[in-house]
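Trainee:
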Ligand code: UDP
Ligand code: MG
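Residue numbers (the working numbering): 976 to 1323.
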């Protein structure tokens, strides 16, 4: 697809959203590095740090930071809502012309934001970081991540970039559209691909975590993969239909064979064969029973999602917001109201 890109100036305000979950070991590193890098761009910026229900000293460090520096804003969620939701909360309150989403652990080097800003000025609305190498991660993590991205491309969206996480810069207009998607089970990269504004990668080497350990164990990765697959595509449902058809056809063939065996003495005038047939029956029961259960399970996943969405709950609950001087971030807590959408559509 050929795109017409309109050149832009530097953003008047750059927002950087960083979710933090039990990052007490990482925050001292983050503080010094990110501020230095952001100051080197010579533009106005705000840092929105979302405390995702940390159980260590993270929130104390964050509040201390916000009290020292007026550019730092803290949103503290009432419990752990998960990475994707924490990022969403940060994006809801970001008021910059460009918004960067990055991890707290400095695996996404903040220096790359400079390259992202260049692309932003060329006119791109989404500039995502694409990883060249992953150092300091286990072989297992590398393999699962590799498989994850390939599978997601099939299931979620054909425009979903490979080997890129949530580290990205998005323009104001893209953010506004993204904030309108209020689905409960979120896969931000997929949602971003769906929105479809001009997107381009910047390449970078993914560093090891500066401190602490990953908050994305296999269990959470699988959950994210499941969310991505089931929330974005009816493909798993089609798979269960295909499985059903396959098993039914198999049953038909075996059934025809069984009938033939039962009546063969009439047709071929052979002696009656007493076929115990036990193995056949057990195999068929397992096969059919198993595939029915798989299909119901997949169906159940979708029904559960319909159930979740139909409750219409807010995506997260904020315990408090901390910025220097002011009690609240400039905007009111209006995320879900019409007024918020109207306001954000016409700029602030
Ligand atoms: N994170 C979060 N809530 C969670 C899990 C993670 O806010 O429930 C944050 C975490 O603090 C970090 C980012 O999401 O800033 C990415 O997590 P992590 O580095 O542990 O994931 P990995 O890089 O290992 O995939
Ligand atoms: Mg990390």
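C-beta atoms are modelled at their ideal positions from N, C-alpha and C, and glycine is treated no differently.
Which ranges would you report for the alpha helix (DSSP H) in the stretch 1004 to 1055 if only whole runs of at least 4 residues count?
Mentor: Runs of the alpha helix (DSSP H) inside the stretch 1004 to 1055: 1033 to 1043.
Trainee: Can you check DSSP and say which residues form a bridge with residue 1269?
Mentor: Note: residue 1269 sits in no beta bridge, so no partner.
Trainee: Would DSSP call residue 1213 helix, strand or coil?
Mentor: Residue 1213: helix per DSSP, three-state reduction.
Trainee: Considering only the beta carbon of each residue, do residue 1205 and residue 1004 sit closer than 8 Å?
Mentor: Not in contact: residue 1205 and residue 1004 (Cβ atoms no closer than 8 Å).
Trainee: Can the beta-carbon of residue 1074 be found closer than 8 Å to that of residue 1150?
Mentor: Against a cut-off of 8 Å, the Cβ pair of residue 1150 and residue 1074 comes out as a contact.
Trainee: Of the choices 1023, 1177, 1164, 1054, whose alpha-carbon is the least far from that of residue 1010?
Mentor: Residue 1023 is the option with its Cα nearest to residue 1010.
Trainee: Over the uninterrupted beta strand (DSSP E) stretch that includes residue 1161, give me the two end residues.
Mentor: It is not in any beta strand (DSSP E) - residue 1161 carries neither H nor E in the DSSP assignment.
Trainee: May I have the straight-line CA-CA distance separating residue 993 from residue 1064, to the nearest angstrom?
Mentor: Going by the C-alpha atoms only, they are around 10 Å apart.
Trainee: What are the boundary residues of the alpha helix (DSSP H) that includes residue 1298?
Mentor: Where residue 1298 is concerned, there is no enclosing alpha helix (DSSP H), given that its DSSP letter is neither H nor E.
Trainee: Name the residue from 996, 1018, 1012, 1071 whose alpha carbon lies nearest to the alpha carbon of residue 1036.
Mentor: The residue with the shortest Cα to Cα distance from residue 1036 is 996.
Trainee: Kindly indicate which three-state DSSP category residue 1294 falls into: helix, strand or coil?
Mentor: Here residue 1294 sits in strand by DSSP.
Trainee: With distances taken between CB atoms, is the gap from residue 1139 to residue 1106 smaller than 8 Å?
Mentor: Cβ distance < 8 Å, so residue 1139 and residue 1106 count as in contact.
Trainee: Taking buried to mean at least 16 other C-beta atoms within 10 Å of its own C-beta, is residue 1302 buried or exposed?
Mentor: Confidence at residue 1302 is low in this model, with a pLDDT of 48, below 50, so the placement of that residue should be treated as unreliable; the coordinate-derived value is given next. Flag for residue 1302 reads exposed.
Trainee: What is the rounded straight-line gap between the Cα of residue 1171 and the Cα of residue 1189?
Mentor: Computed Cα separation, rounded: 30 Å.
Trainee: Who are the near neighbours of residue 980 in its chain, counting only those whose CB is closer than 8 Å to its CB and skipping five residues on each side?
Mentor: For residue 980, where only same-chain residues beyond five positions count, the Cβ hits under 8 Å are 1097, 1098, 1099, 1173.
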